[in-house]
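Please read the structure below before turning to the comments.
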């Protein structure tokens with residue numbers, strides 16, 4: 001069955017009394033892979049630009065104030081360019097590359113000025129990214145800003161010794177943005193870009209692992225002191241709570257209470273995965289993204305979440321920190337329990353697909 | 001499915017009140033219904049449950065591998081193979097469970113062949129394993145009719161080429177360098193892409209299979225062009241002409257015959273990469289300005305490419321809009 005046309009969709013919601021009047025004029029949208037192309041090539045352009053600046057104006061990488069000022073000027077210039085020529089593709093792409101180079105110089109300047117106060121650097125970068133998110137009216141730039149703000153916010157938490165709470169907090173934010181997407185739609189491109197930036201920031205944990213995403217580990221910078229094992233446990237429990245809360249929210253939205261059959265089955269499945277995620281914490285963010293993506297009808301987020309789930313399972317399979325036997329038992333018990341829930345769903349919900357089995 | 005985008009767009013424009021946006025999405029069928037949710041949950045539980053049990057069993061076997069005898073090892077893998085065949089027989093290939101089991105059987109054939117080769121070494125090279133696995137996959141892929149199985153077969157065929165090249169430093173008695181291997185892989189993957197598109201033209205559904213093969217084929221042709229630019233003396237010199245030919249073919253097919261902006265975007269990415277590499281390695285630009293010029297060319301080419309892609313995608317908005 002082919003997808004309905006704009007006119008068909010409009011007449012359907014007009015018949016329900018939601019809209020009135022003629023079908024609005026068509027506004028073409030940019031496909032996601034064109035935006036991906038713009039993002040990747042923008043970064044490539046920014047890297048060459050940075051290399052040129054470093055080569056020609058080498059003082060930028062020895063003088064913190066110089067780097068800071070040039071970086072700030074580049075960001076402001078790019079923001080003005082974006083606002084002045086919002087429809088120009090060349091100005092947009094040039095502005096993106098200049099802004100990325102500027103943000104890199106700002107980050108370098110902060111690092112030189114703040115020394116080992118990496119937490120302050122992270123907070124400063126969060127502020128910069130949020131400011132640029134508000135000021136720069138460009139979708140790809142805003143996705144980048146949202147991702148970078150979330151990334152540096154997590155680093156600020158790391159410096160406070162609260163790093164393990166990061167994935168849970170980001171997962172909660174992702175769930176909120178995507179589950180409430182229709183209610184936030186009037187914010188337009190800003191809400192959509194923020195939702196995607198958060199999705200990328202959250203799913204990088206199951207895909208790459210926490211250590212790979214940690215700049216202090218990658219660059220050998222000093223990390224924050226851990227506040228103890230309880231923070232690790234609090235982070236894991238937070239992920240469990242978010243997953244169960246998302247399932248509960250979706251059940252309520254579909255009109256099921258926890259005492260109905262679908263409610264009981266969904267809660268059983270969610271509880272199994274939530275308990276598993278205490279030992280395998282990458283499960284929850286990927287699961288929440290999967291549910292949020294399907295619930296919102298976004299094939300891209302659903303596909304990204306499946307990729308994150310597969311990537312996490314593969315990483316977990318090869319993870320050296322957990323004993324082989326423990327991993328084997330965890331996987332078999334979880335898998336067996338999920339299959340039992342699937343069987344229970346089939347047995348309990350024996351009504352046809354057309355009726356609602358409440 | 002552009003329904004969701006239309007409604008979110010109209011909400012952004014203020015034509016739909018924010019409090020009515022969800023009702024509009026439901027009315028237009030852009031949100032999953034109760035039956036769709038149940039089907040999604042059922043499928044997901046079966047897929048994830050099966051994958052976890054299978055991965056757990058494999059890990060358990062790895063844990064005990066050293067203490068298992070040769071017959072026990074073969075019995076374990078054959079037992080798993082028999083089990084998935086049982087699942088296929090029980091559910092049939094029309095259902096998701098049967099399709100999943102067929103995919104498992106296709107992977108297990110490779111594991112069984114590798115285990116036989118390890119248990120009874122015959123001196124055969126590893127490419128023989130890939131060839132045997134590939135031949136065994138042909139009937140499974142033909143019966144299953146799943147794009148995933150054909151892609152697995154293509155991946156195994158690529159593996160066979162690589163293994164043969166590693167063993168003999170050439171193909172079919174002709175000594176080849178790395179560039180020769182790239183040519184062979186380009187030929188293989190492009191031929192599969194052409195065949196897939198012809199079959200799609202006569203009725204096969206879905207675009208993700210040919211898109212994936214197209215990205216692989218395009219990546220290899222781009223690698224060939226980059227190789228020619230970076231090492232002009234050591235190569236045949238035909239890499240760049242072949243790449244230009246590929247670009248022309250992509251434009252002709254995916255712009256004029258099949259409307260596929262995704263593969264056109266792949267070609268634009270390739271142009272950006274080749275242009276940047278050419279400027280860095282071959283263009284006679286003063287060193288002080290080279291990096292700035294490369295940066296501006298990357299920005300300019302990608303901006304022009306994005307502008308063109310947007311114009312092309314606007315011609316068929318219902319298919320190309322993001323979700």
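Protein chains in written order, with this note's numbering: chain D, 1 to 358; chain L, 1 to 323.
Yeah, the Cβ is synthetic: ideal placement off N, Cα and C, and Gly gets one too.
For clarity, every value in this text was computed on a predicted model and none was experimentally measured.
Selection from the options that minimises the alpha carbon distance to residue i
i: residue 177 (chain D); options: D:332, D:296, D:111 and D:251; result: D:296
i: residue 153 (chain L); options: L:132, L:29 and L:90; result: L:132
i: residue 109 (chain L); options: L:78, L:33 and L:125; result: L:78
i: residue 80 (chain L); options: L:135, L:101 and L:63; result: L:101
i: residue 109 (chain D); options: D:96, D:94, D:125 and D:98; result: D:125
i: residue 347 (chain D); options: D:327, D:264, D:237 and D:191; result: D:264
i: residue 273 (chain L); options: L:209, L:135, L:218 and L:39; result: L:218
i: residue 314 (chain L); options: D:15, D:134, D:131 and D:26; result: D:26
i: residue 342 (chain D); options: L:40, L:65, L:302 and L:230; result: L:40
i: residue 253 (chain D); options: L:22, L:7 and L:13; result: L:22
i: residue 269 (chain D); options: D:190, D:56, D:156 and D:344; result: D:344
Beta-carbon gap between residue i and residue j smaller than 8 angstroms
i: residue 147 (chain L); j: residue 206 (chain L); result: yes
i: residue 152 (chain D); j: residue 172 (chain D); result: no
i: residue 312 (chain D); j: residue 286 (chain D); result: yes
i: residue 246 (chain D); j: residue 288 (chain D); result: yes
i: residue 307 (chain L); j: residue 262 (chain L); result: no
i: residue 338 (chain D); j: residue 48 (chain L); result: yes
i: residue 60 (chain D); j: residue 53 (chain D); result: yes
i: residue 79 (chain D); j: residue 128 (chain D); result: no
i: residue 185 (chain D); j: residue 11 (chain L); result: yes
Cutoff 8 angstroms: residue i Cβ touching any chain L Cβ
i: residue 102 (chain D); result: no
i: residue 87 (chain D); result: no
i: residue 356 (chain D); result: Bear in mind that a pLDDT of 44 at residue 356 (chain D), under 50, signals an unreliable position, so the number given afterwards is only what the model happens to contain. Judged by the 8 angstroms Cβ criterion, residue 356 (chain D) is in contact with chain L.
i: residue 338 (chain D); result: yes
i: residue 80 (chain D); result: no
i: residue 92 (chain D); result: yes
i: residue 279 (chain D); result: no
i: residue 138 (chain D); result: no
i: residue 294 (chain D); result: yes
i: residue 195 (chain D); result: no
i: residue 183 (chain D); result: yes
i: residue 56 (chain D); result: yes
i: residue 317 (chain D); result: yes
i: residue 209 (chain D); result: no
i: residue 284 (chain D); result: no
i: residue 228 (chain D); result: no
Chain D within 8 angstroms of residue i, Cβ atoms only
i: residue 329 (chain L); result: No statement about residue 329 (chain L) is possible, as the shown extent of chain L runs from 1 to 323 and does not include it.
i: residue 317 (chain L); result: Note that residue 317 (chain L) scores a pLDDT of 49, beneath 50, so its modelled location is shaky and nothing firm can be said.
i: residue 302 (chain L); result: yes
i: residue 109 (chain L); result: no
i: residue 250 (chain L); result: no
i: residue 22 (chain L); result: yes
i: residue 2 (chain L); result: yes
i: residue 255 (chain L); result: no
i: residue 244 (chain L); result: no
i: residue 306 (chain L); result: yes
i: residue 114 (chain L); result: no
i: residue 291 (chain L); result: yes
i: residue 91 (chain L); result: no
i: residue 13 (chain L); result: yes
Exposure label - residue i; buried when at least 16 CB within 10 Å
i: residue 18 (chain D); result: buried
i: residue 166 (chain L); result: exposed
i: residue 295 (chain L); result: buried
i: residue 216 (chain L); result: buried
i: residue 88 (chain L); result: buried
i: residue 283 (chain D); result: buried
i: residue 281 (chain D); result: buried
i: residue 67 (chain L); result: exposed
i: residue 145 (chain D); result: buried
i: residue 287 (chain L); result: exposed
i: residue 99 (chain D); result: buried
i: residue 320 (chain L); result: In this predicted model, residue 320 (chain L) has a pLDDT of only 40, less than 50, meaning its place in the structure is not dependable enough to derive any value.
i: residue 294 (chain D); result: buried
i: residue 248 (chain L); result: exposed
i: residue 13 (chain L); result: exposed
Cβ-heavy atom distance, residue i to the ligand FMN, below 7 angstroms
i: residue 255 (chain D); result: The ligand FMN is not part of this structure, which contains no ligands at all.
Just to confirm the assignment: which complete alpha helix (DSSP H) runs, minimum length 4, are found wholly within the segment 162–194 of chain D? Counting only runs that start and end inside the segment 162–194 of chain D, the alpha helix (DSSP H) elements of at least 4 residues fall at 165–179 and 181–184.
At what residue ranges does the segment 239–302 of chain D contain a whole run of the alpha helix (DSSP H), taking only runs of 4 or more? Within the segment 239–302 of chain D, the complete alpha helix (DSSP H) runs of at least 4 residues are 261–279 and 283–296.
Secondary structure, alpha helix (DSSP H): runs of 4+ residues fully inside the segment 59–125 of chain D: 64–84 and 89–114
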